[in-house]
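Numbering that gives the first Met the number 0 numbers the first residue of the sequence shown as 0 and each following residue consecutively. Just so you know, even glycine gets a beta-carbon here, dropped at the ideal spot from N, CA and C. To keep things clear, I will list the structure first and then write my remarks on it.
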Amino acid sequence: MQYKAIGFDPSTTRGDPASSAAAELQALMLAEAKNGWEFVGIQNHSTTVPGSSGCFGFGALSPYQRTLSMAVFS
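Listed below in structure tokens is the structure:
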């Protein structure tokens, strides 16, 4: 069996974020179904984005935690 994961970071609206995220997910599911892929689910993964030292310390960035969502298809 083959699997496919696509990063899913929906742009949401302030008024109704759940509906806009659901509409974006539905559009992705329909697009992938046309290519024969069946939606399995959403997987969330936490990771640490590394910081940078900048240039001579100017513009240095601290590391931070980020949750990434993946839409999984089979």
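- Within a 10 Å sphere around the beta-carbon of A70 sit 16 or more other beta-carbons, which makes this residue buried.
- DSSP places A20 within a helical segment (H, G or I) once states are collapsed to three.
- Assigned with DSSP and collapsed to three states, Q1 falls in coil, not helix or strand.
- DSSP places A59 in the coil class of the three-state scheme, outside both helix and strand.
- With respect to A59, S51 sits close: the two C-beta atoms are nearer than 8 Å.
- R65 and N43 have their C-alpha atoms roughly 10 Å apart.
- Of the other Cβ atoms in all chains shown, fewer than 16 fall within 10 Å of the Cβ of F55; this residue is therefore exposed.
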